[in-house]
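Quick note, the sequences are listed as chains G and B, same order.
Here UniProt numbering is used: the first residue of the first sequence is 1, the next is one more, and so on.
Here UniProt numbering is used: the first residue of the second sequence is 1, the next is one more, and so on.
Backbone N, C-alpha and C fix where the C-beta goes; we use that ideal spot for every residue, glycine too.
Working notes, beginning with the structure itself.
There are 2 protein chains.
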Amino acid sequence: MTKIFNDPAEFSDDQLEGFLDLYSDRLVGVPGGVISLPPKEPQVAVIVGGGSGHYPAFAGLVGPGFAAGAVVGNIFTSPSAAHVYSVAKAADQGKGVILTFGNYQGDIINFGIAAKMLNNEGIDTRIVVVKDDIASAPEFEKRRGIAGDFTVFKAMGAAAAAGKSIDEVERIGNLANERTRTLGVAFSGCTMPGADVPLFTVAEGQMGVGLGIHGEPGIRDEKRTSAEELGTMLTKAVLADVPENPGSRIGVIVNGLGTTKYEELFLLYRTIAPKLREAGYEIVDPEVGELVTSLDMGGVSLTVLWLDDELEEAWTAPAYACAYRKDPKPLDSIEKTYTAKVATISEDDQVEASAAATALATQVRKAAADIAELMREKEQYLGEIDAFAGDGDHGRGMVRGTEAAQEAIDNAPETAGPSQLLKLGGRAWAMMAGGTSGVLWGASLETAANTLDDAAESFAPEKAAEAVAAFADSMVTLGGAQIGDKTLLDSLLPFTEALGNSNSNLPTAWQEAAQIAVQKAEDTAVLSPKKGRARPLAEKSVGHPDPGATSMGMILTQLGTYFS
Amino acid sequence: MTKIFNDPAEFSDDQLEGFLDLYSDRLVGVPGGVISLPPKEPQVAVIVGGGSGHYPAFAGLVGPGFAAGAVVGNIFTSPSAAHVYSVAKAADQGKGVILTFGNYQGDIINFGIAAKMLNNEGIDTRIVVVKDDIASAPEFEKRRGIAGDFTVFKAMGAAAAAGKSIDEVERIGNLANERTRTLGVAFSGCTMPGADVPLFTVAEGQMGVGLGIHGEPGIRDEKRTSAEELGTMLTKAVLADVPENPGSRIGVIVNGLGTTKYEELFLLYRTIAPKLREAGYEIVDPEVGELVTSLDMGGVSLTVLWLDDELEEAWTAPAYACAYRKDPKPLDSIEKTYTAKVATISEDDQVEASAAATALATQVRKAAADIAELMREKEQYLGEIDAFAGDGDHGRGMVRGTEAAQEAIDNAPETAGPSQLLKLGGRAWAMMAGGTSGVLWGASLETAANTLDDAAESFAPEKAAEAVAAFADSMVTLGGAQIGDKTLLDSLLPFTEALGNSNSNLPTAWQEAAQIAVQKAEDTAVLSPKKGRARPLAEKSVGHPDPGATSMGMILTQLGTYFS
């Protein structure tokens with residue numbers, strides 16, 4: 001929803017003023033829009049336009065190698081004929097003018113009248129109307145222009161910058177238009193500045209297939225699918241509408257409408273690119289990002305431009321518009337033939353394990369397997385209690401970490417002692433788990449491992465308390481938290497203290513301490529919210545135990561079973 | 001809300017895969033993140049990172065002149081120490097490594113451990129922690145890193161690309177950090193992939209001042225203000241936290257968090273830039289856009305980097321990262337000293353008006369004034385009925401158009417006849433109103449004007465019907481709509497027909513026809529929705545008259561008063 005404005009009625013003019021201030025080193029404002037400072041060599045002036053609300057289209061596409069000017073209407077409203085005339089007249093360099101825009105009635109009329117006015121004055125003016133949206137009509141001539149604006153404008157901008165004649169630029173623009181297809185889906189409608197309801201809504205779990213970019217909803221609603229299914233659907237539909245003599249090379253755009261963000265677009269491209277290649281196409285200079293938007297609309301579209309030699313030359317040509325900059329020259333400064341070094345953490349020299357150490361190592365291997373299994377069992381529960389104050393990934397993080405540790409330990413040489421095994425397990429845990437708790441567990445296991453000597457002839461029970469103390473110290477030092485902060489320390493530190501102070505034999509002492517740890521973990525439910533968390537969520541955590549303290553209690557309890 | 005994903009738990013890895021495919025000509029994936037293909041001349045490797053969900057930060061900032069690599073954690077989750085180590089090791093070019101990231105506990109631990117591992121192996125590794133968020137703590141050392149990541153990373157990337165030593169790059173990074181301040185506001189929280197509630201919410205009409213970029217809400221909620229007030233608040237707050245020896249030149253970033261779109265950011269910049277200049281600063285290479293985001297969070301931040309000579313050199317240096325490309329060279333191809341031609345539409349030669357024409361002209365002048373007044377009275381009502389099926393701007397458009405027509409007519413020479421006046425009025429209407437109805441009214445008035453001869457000795461009553469018929473024909477031809485489409489034709493065409501067929505004298509015929517027009521306009525309330533409109537809104541239009549047909553009826557009725 002649009003939140004930043006003064007008088008909503010002046011939104012379009014106000015934002016244009018800021019835009020012109022921002023790019024005053026390269027653009028000039030004229031009545032009705034914006035033009036680029038003219039090139040030193042006169043060119044055909046490609047004038048793009050339509051209503052505003054589609055940035056980077058249209059004003060963001062003005063600059064060397066792209067549009068010579070943009071007519072800026074009010075939001076989703078065609079600019080007036082006089083404003084088209086004004087921008088074109090200011091941008092004309094004596095080589096003729098091309099007015100290009102999407103296929104909408106208001107634009108057809110206003111740009112059409114302006115073209116008449118310009119031609120009457122002897123300025124050779126042509127019109128290229130973009131019609132890429134395959135969902136908007138079966139007949140090509142009736143189709144709307146959406147993200148395909150970009151491929152058509154880019155083709156003409158490059159042709160003009162190459163010094164081609166107006167006949168050539170017009171021909172290349174129409175060629176790009178005939179070879180461009182787009183299909184999009186809408187997840188949510190956009191809201192006009194000052195309005196409190198969106199222009200349309202999409203039911204939760206649904207998506208509108210065949211979106212427009214002016215608040216037109218999709219032509220039909222479908223159940224929202226996985227990225228994989230969405231990418232498949234879009235790819236199939238666009239490739240089904242293949243132009244004549246398609247060839248095997250294509251330009252591709254995955255375009256975000258406004259609130260569908262970059263990571264989502266990359267994720268979708270991951271599905272689309274292989275499918276296009278499977279279909280026998282080579283992808284040339286793909287673009288994934290926000291190129292033709294619709295205010296804060298949620299949605300995405302796939303555009304394919306079937307290339308031939310001259311379209312590929314235009315598609316790959318440099319451009320330096322405000323919102324679109326391409327000039328691969330800087331990439332010449334990098335080594336194109338290079339294989340990245342894959343880093344492996346150097347292993348310490350392994351100590352030959354004593355008989356006692358080998359016996360203990362067997363226990364460590366069993367524990368590693370059992371604990372990974374335990375975390376798999378508890379993953380869902382740990383995720384649920386984490387979701388109250390966090391992002392709900394604690395269970396998964398613990399599974400990732402303990403499984404990585406188990407695998408590293410399984411793969412260790414049979415002769416490895418407990419210290420070596422715990423080191424390898426700890427490193428693997430830190431490597432795979434990420435986040436804060438993963439690295440704390442991993443690094444602290446390594447610290448604990450360092451208290452053990454694989455060459456020792458025997459392991460006194462006190463060694464256990466010593467290793468645990470080292471583990472706990474590492475947790476405190478690295479984590480920087482304190483008891484009562486609702487972290488794993490709330491169960492670990494009472495455990496360590498109880499184990500250290502106990503006079504019972506190790507199995508009993510460990511089990512008693514583990515019971516305390518479990519109890520203290522449950523007690524964290526009454527502690528106040530974690531610091532630094534998003535408020536509403538943190539408040540929800542009161543009444544629920546801390547996931548880190550809880551998993552710690554579970555693991556300590558499990559470990560107690562190996563001493564009997 | 002994030003809508004495109006497969007397994008939410010794999011979101012970060014999946015999106016990175018797509019990203020690497022997209023930029024495979026310049027980037028290489030390594031365990032834990034991404035590195036640039038190395039430069040031909042070895043440089044200090046600046047490694048940026050943290051959790052994902054902030055694109056273009058962090059992976060989008062990898063490339064010549066910027067970062068050598070990015071460590072990519074899960075969403076809002078620190079990457080593991082091993083992954084930091086892996087990326088740094090792969091990116092190291094023998095000139096040392098700088099690990100740089102925002103001031104968050106998980107990153108401090110993981111990057112810190114990795115730095116130890118790298119230094120142990122003899123790779124000179126330094127750490128630069130970004131602390132720009134003035135809202136997060138009064139003490140600089142405790143502050144979070146948010147959009148200021150960008151200025152600090154950019155400074156070091158430029159220094160490294162310039163071949164500076166690791167000591168120099170580290171020093172410049174710390175200098176940029178000490179001279180960067182950011183304050184942001186949140187309008188809405190972001191939603192994690194797969195989650196159905198945002199990490200936090202902001203009450204309608206409120207904004208959270210002092211946002212974080214990991215779902216941390218603002219430190220205090222305030223009433224949402226106009227863009228003007230928001231810009232003033234942000235500017236004052238950031239300038240109040242001025243560093244030592246500020247100087248008079250600053251780099252500026254207006255950063256969108258994800259769903260606060262470009263037009264809004266430009267609009268805000270329009271308020272901020274003048275205030276920074278009033279404070280005596282010169283703005284150098286401002287950046288307005290999405291540089292450090294937080295998934296689909298709504299919000300914006302202002303960052304100021306106080307420049308000195310070496311920081312300005314770094315801030316303005318070229319860079320060619322995936323998501324940030326800057327190399328002003330192409331601008332050398334444009335004429336820097338240029339004043340845009342402001343186009344004026346050429347006037348036809350004026351015909352000396354006859355006595356009869358002059359008399360009629362007086363009526364036209366009066367009508368122009370009365371109709372503009374009438375539209376001002378009806379603006380709100382016309383906007384209300386337009387809002388049911390459209391964007392609610394019909395009233396405003398009619399006021400703009402009729403006022404422009406009146407002004408042009410008022411400024412016409414006293415000797416101008418009715419044809420000349422209607423031509424001038426029509427052109428001004430089309431010029432100022434924009435949209436579809438504005439240009440239809442303007443162009444059709446001109447067509448009507450052409451049926452009148454200012455030199456004529458007398459004007460027969462039939463002339464009125466003739467002019468109206470020409471006006472209606474133009475509306476039909478240009479507009480391409482049909483009767484029953486719920487447009488102004490639904491009142492205009494019945495009027496024209498009635499006027500043409502009437503045997504009464506003109507005043508009576510006109511008034512009778514106008515009554516029919518008004519009735520037919522009311523009848524449009526029962527017509528089915530306009531085609532091509534957003535569905536939920538279009539359905540709402542049933543039961544409400546069409547605004548275009550309604551204003552047409554009002555104006556025709558008004559015109560009837562000049563014939564008695």
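- Between A448/B and L488/B, the gap from beta carbon to beta carbon reaches 7 Å or more.
- Under the three-state reduction of DSSP, A147/B is assigned to coil, being neither helix nor strand.
- I4/B has a beta carbon lying within less than 7 Å of a beta carbon in chain G.
- In the three-state reduction of the DSSP assignment, N505/G falls in the coil class.
- A direct Cα-Cα distance of roughly 35 Å separates F58/G from G73/B.
- The DSSP assignment places 148-161, 166-178 as complete runs of the alpha helix (DSSP H) inside the segment 121-191 of chain B, in order along the chain (cut-off: 4 residues).
- L257/G sits away from M207/G, with the two beta carbons spaced by 7 Å or more.
- Excluding five sequence positions before and after R427/G, the CB atoms of its chain that fall closer than 8 Å to its own CB belong to I345, A408, G442, E446, given in chain order.
- Shown in chain order are the members of the segment 470-501 of chain G whose Cβ falls below 9 Å from a Cβ of chain B: L478, G479, G480, A481.
- Taking a Cβ-Cβ cut-off of 8 Å, the neighbours of N74/G in chain B comprise D393, G434, G435, given in sequence order.
- Chain G places no beta carbon closer than 7 Å to that of V130/B, leaving this residue out of the contacts.
- The alpha-carbon of G32/B is positioned some 10 Å away from that of A88/B.
- Below 8 Å, enough C-beta pairs join the segment 410-427 of chain B and the segment 358-370 of chain B to call them touching: three or more.
- In the displayed model, A456/G falls within coil according to three-state DSSP, outside both helix and strand.
- Non-local beta-carbon contacts of G106/B in its own chain, meaning distances under 6 Å to residues more than five positions away in sequence, involve S78 in chain order.
- Residues of chain G whose Cβ lies closer than 8 Å to the Cβ of Y281/B do not exist; the shortest such Cβ separation is about 14 Å.
- In the structure shown, the three-state DSSP call for N74/G is strand.
- I283/G is not a Cβ neighbour of L291/G, given a cutoff of 7 Å.
- Taking a 10 Å sphere around the C-beta of T496/B, we find 16 or more other C-beta atoms and assign the residue as buried.
- Secondary structure note for A237/G: its alpha helix (DSSP H) is the uninterrupted segment 227-240.
- Listed in chain order, the non-local C-beta contacts of A237/B below 6 Å within the same chain comprise L183, local neighbours out to five positions each way being set aside.
- Proximity of P38/G to chain B, defined by a Cβ-Cβ separation below 7 Å, is satisfied.
- Comparing alpha-carbon positions, the option among D14/B, M475/B, P507/B lying closest to S226/G turns out to be D14/B.
- In the three-state reduction of the DSSP assignment, P413/B falls in the coil class, being assigned neither a helical nor a strand state.
- Straight through space, the alpha carbons of E10/G and H83/G are spaced by roughly 16 Å.
- Boundaries of the alpha helix (DSSP H) harbouring V84/G: 81-91, taken from the DSSP string.
- Exclusion of the five residues before and after V254/B leaves L265, L268, Y269, I272, V288, V300, L302 as the residues of its chain whose Cβ lies within less than 7 Å of its Cβ.
- According to the DSSP assignment, A45/G belongs to the beta strand (DSSP E) that extends over 45-52.
- Taking all protein chains shown into account, Y104/G has 16 or more neighbouring C-beta atoms within 10 Å of its C-beta and is therefore buried.
- Under DSSP, no beta-bridge partner is assigned to V351/G.
- With contacts defined as CB atoms closer than 7 Å, S80/G and V439/B qualify as a contacting pair.
- Note: V304/B is bridge-paired with R181/B, V252/B in the DSSP secondary-structure output.
- Interface criterion met: the Cβ of F266/B is under 7 Å from a Cβ in chain G.
- Counting C-beta atoms within 10 angstroms of its own C-beta, A357/G has 16 or more neighbours from the protein chains shown and is therefore classed as buried.
- Along the segment 214-233 of chain B, going in chain order, the ones with a CB nearer than 7 Å to a CB of chain G are G215, E216, P217, R224, S226, A227, E228, L230.
- Nearest in C-alpha terms to A321/B, of all of M1/B, P42/B, V48/B, T2/B, is V48/B.
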